[in-house]
Amino acid sequence: KNWWLILLYIGSCDGDMEKGSLRCDANVSVPLKGSSTFGTRCEIKNLNSIRYIVQAIDYEIQRQIEILKGGEKISQDTLLFDVASGKTKVMQNKKNASDYRYFPEPDLLPVEVSQEKIDLIQSSLP
């Protein structure tokens with residue numbers, strides 16, 4: 210409730226959760242025991258309530274800990290949180306960090322840029 214009031218107060222949402230006023234993504238990365246650096250990041254997409262944000266993060270932390278305890282590696286994935294099961298599910302697997310730049314935007318048409326246009330722009334750069 211406190212987070213909801215803070216978000217309302219600062220104007221980041223109107224608080225109408227039934228209409229999807231709050232949507233966020235959470236990134237979870239658990240470091241190996243004894244390590245000072247974080248491990249492989251997983252991104253949980255489209256969380257729509259404070260309660261689900263907390264549940265999704267808590268579940269994902271435990272999931273990653275269990276994988277690491279088993280001696281396995283975390284796969285860099287984009288995840289969805291299934292409210293009914295209380296678990297995260299893989300939406301998209303990422304081979305490397307650069308894959309995160311390539312989500313297609315369905316509302317934008319492809320743009321083709323000619324080599325001539327690229328050369329013109331490059332020649333105008335300082």
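Per the numbering used here, the sequence shown runs over residues 210 to 335. Think of the CB as a built atom: it goes at the ideal place given N, C-alpha and C, for glycine as much as any other residue. All figures in this text were calculated on a predicted structure; none of them were measured in a lab.
In this structure, Gln264 is the residue among Gln264, Glu275, Ser284 with its C-alpha nearest to the C-alpha of Ala293. For the pair Gly243 and Ile283, the CB atoms are not nearer than the 8 Å cut-off. Take Lys254, set aside five residues on each side of it, and the residues of its chain with a beta-carbon closer than 8 Å to its own are Asp234, Thr287, Leu288, Leu289, Met300, in chain order.
As the crow flies, the alpha-carbon of Pro335 is around 19 Å from that of Gln324. Contact annotation: Trp213 and Ile276 have beta-carbon atoms that are not nearer than 8 Å.
Between the alpha carbons of Lys298 and Asn257 lies a gap of roughly 16 Å. Along the length of the segment 252-278, whole alpha helix (DSSP H) runs at least 4 residues long occupy 259-278, reported in chain order. The Cβ neighbour count for Leu317, taken over all protein chains shown within 10 Å, is under 16; the residue is labelled exposed.
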